[in-house]
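Here the sequence shown stands for residues 128 to 443, where the numbers follow the working numbering. We put the CB at the ideal spot given by N, CA and C, even for glycine. Note that the structure is a prediction, hence the values are computed from the model and not measured. What follows is a set of notes on a single structure, which appears directly below.
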Amino acid sequence: MTTFVNSAPMTVTSPAATNRGNNYAKAFQTLGILQILLGSLSIFTWSYTLAFAVSGYYIDAFAYVSAGIWCGIFFLVAGILAFVSSVDPNNCKIVSGMVMSIFAAIFAVTMFAIEVAGAVLVPYSAYRYSYYSYCRSYYQPSYYKASIYVPTCYSSSSFGSGTYRPSRYISGVYLPSKYIPCYNSYPRNSSGSTGMSTLHGFMAFFAFAELIIAITHAVYCCKYKSLTNMVPATTTVQYTTTYQQPITHQMPVTSIGHPAGMPVTTTYPAVGSVPYQNYPTPIYANHQANMASQQSVNTTATIPTVSQSGPPTYME
128 MTTFVNSAPM
138 TVTSPAATNR
148 GNNYAKAFQT
158 LGILQILLGS
168 LSIFTWSYTL
178 AFAVSGYYID
188 AFAYVSAGIW
198 CGIFFLVAGI
208 LAFVSSVDPN
218 NCKIVSGMVM
228 SIFAAIFAVT
238 MFAIEVAGAV
248 LVPYSAYRYS
258 YYSYCRSYYQ
268 PSYYKASIYV
278 PTCYSSSSFG
288 SGTYRPSRYI
298 SGVYLPSKYI
308 PCYNSYPRNS
318 SGSTGMSTLH
328 GFMAFFAFAE
338 LIIAITHAVY
348 CCKYKSLTNM
358 VPATTTVQYT
368 TTYQQPITHQ
378 MPVTSIGHPA
388 GMPVTTTYPA
398 VGSVPYQNYP
408 TPIYANHQAN
418 MASQQSVNTT
428 ATIPTVSQSG
438 PPTYME
């Protein structure tokens, strides 16, 4: 039995995962720029406010908390990591950016609470020192005065007696030098407290904006991580093997009659095996003589005969 085998290569390409860097690079870049900008504004604005508080010209208790400085540092770091993630993102950059964005969101909430309280309470607690004067302060030098008039002095006691001294002039009096100030200071509410309250309002806005951006940054990091389970695009070459059986010719079926009562045995081929079949002998040129020399074989089926005699006779 002849078997024909045909092997043909077949290329199978699995679904390709989308390019994560191209999908989120623009988003990470935009979020990083915004966070860097908000962090820089928070540090610069709060440094400006703290300079006024340290100088003593304004009194603002919230300025010494310096929430804009230490919160702005987290804003800057989260923004830098987001911007770096936009260039050739990988798991290390994405995880670092997600952690820092969560910290930035927490500190943004803290900063927002402090700044709102400062914007509300500063107008009632901030003071500016104002100075007024009608002359110029100076040092009076020491000098001798020729004469000084001393007026009449009379004092009495509870017992009815008293002391009397008439007026007179005293000559040759030495007067030492002394400092003569010409101003007084007092604290009062002024337009400066309104300016400080405005700065706190700007800082509260920066904190709220950073809260929204930090949460968005963390969400994009989670979306990026969800794509790590996708299978990358792969190309597999498979070979398909085809087995072709030769065309067989069915042999004619000959029915042979058997007397009634005779058992007939039929043999079937085993499962999975090919029954033996006679294939026609191919005829080649000048081969008729060989075929004529072949002897035919006649097969005669012998059928056993049945005896027609009666049963045997038994003698007593």
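Residues that residue i bridges to, as DSSP identifies them
{"i": "Leu208", "result": "According to DSSP, which records beta bridges pairwise, Leu208 is partnered with nothing at all."}
{"i": "Lys305", "result": "Gln267"}
{"i": "Val226", "result": "Looking at the DSSP assignment, Val226 forms no beta bridge with any residue, so it has no partner."}
{"i": "Ile233", "result": "BP columns for Ile233 are empty, so no partner."}
Three-state secondary structure assigned by DSSP to residue i
{"i": "Ala428", "result": "Confidence is the limiting factor: at Ala428 the pLDDT is only 46, short of 50, which leaves the residue's position unreliable and the question unanswerable from this model."}
{"i": "Ser213", "result": "coil"}
{"i": "Thr182", "result": "The sequence as given places Ser at residue 182; Thr does not occur at that position. Ser182: helix per DSSP, three-state reduction."}
{"i": "Ser274", "result": "strand"}
{"i": "Ser298", "result": "strand"}
{"i": "Gln193", "result": "One point to set straight first is that residue 193 is Ser, not Gln, in the sequence displayed. DSSP places Ser193 in coil when its eight states are reduced to three."}
{"i": "Ala412", "result": "Reliability of the predicted coordinates at Ala412 is poor, the pLDDT of 49 falling under 50, and no value is obtained from them."}
{"i": "Leu177", "result": "helix"}
Euclidean distance between Cα positions of residue i and residue j
{"i": "Tyr251", "j": "Leu208", "result": "41 angstroms"}
{"i": "Thr172", "j": "Leu326", "result": "7 angstroms"}
{"i": "Ile275", "j": "Ser294", "result": "11 angstroms"}
{"i": "Leu168", "j": "Phe333", "result": "8 angstroms"}
{"i": "Pro194", "j": "Thr321", "result": "Just to set this straight, residue 194 is Ala in the shown sequence, not Pro. Taking the straight line joining both Cα atoms gives about 20 angstroms."}
{"i": "Ile221", "j": "Val211", "result": "9 angstroms"}
{"i": "Ser174", "j": "Ile196", "result": "7 angstroms"}
{"i": "Leu203", "j": "Ile163", "result": "5 angstroms"}
{"i": "Phe239", "j": "Phe329", "result": "10 angstroms"}
{"i": "Pro216", "j": "Ser324", "result": "42 angstroms"}
{"i": "Lys352", "j": "Ser213", "result": "14 angstroms"}
{"i": "Tyr347", "j": "Tyr151", "result": "8 angstroms"}
{"i": "Ser182", "j": "Val249", "result": "17 angstroms"}
{"i": "Leu177", "j": "Asp187", "result": "9 angstroms"}
{"i": "Gly224", "j": "Cys349", "result": "11 angstroms"}
{"i": "Ala231", "j": "Phe335", "result": "11 angstroms"}
{"i": "Ala205", "j": "Met227", "result": "5 angstroms"}
{"i": "Gln156", "j": "Cys219", "result": "17 angstroms"}
Neighbourhood of residue i by C-beta distance below 8 angstroms, restricted to the same chain and skipping five residues each side
{"i": "Pro268", "result": "Ser304"}
{"i": "Ile229", "result": "Ala341, Ala345"}
{"i": "Ile200", "result": "Gly166, Ile170"}
{"i": "Tyr271", "result": "Gly299, Val300, Tyr301, Leu302"}
{"i": "Tyr266", "result": "Ser304, Lys305, Tyr306, Ile307"}
{"i": "Tyr296", "result": "Ser274, Ile275, Tyr276, Val277"}
{"i": "Lys153", "result": "Ser213"}
Cβ shell of residue i (< 6 angstroms), same chain only, five flanking positions each side left out
{"i": "Leu161", "result": "Ile340"}
{"i": "Gly245", "result": "Phe189, His327"}
{"i": "Cys198", "result": "Phe234, Met238"}
Spatial neighbours of residue i in its chain, beta-carbon cut-off 7 angstroms, leaving aside the 5 residues before and after
{"i": "Val192", "result": "Ile241"}
{"i": "Pro112", "result": "Residue 112 is absent from the structure shown; the chain starts at 128 and stops at 443."}
{"i": "Thr343", "result": "Leu158"}
{"i": "Ala448", "result": "As displayed, the chain neither begins before 128 nor continues past 443, which places residue 448 out of reach and without an answer."}
### Query
How about the region 230-245 and the region 334-354: do they share at least three Cβ pairs that are nearer than 8 angstroms?
yes
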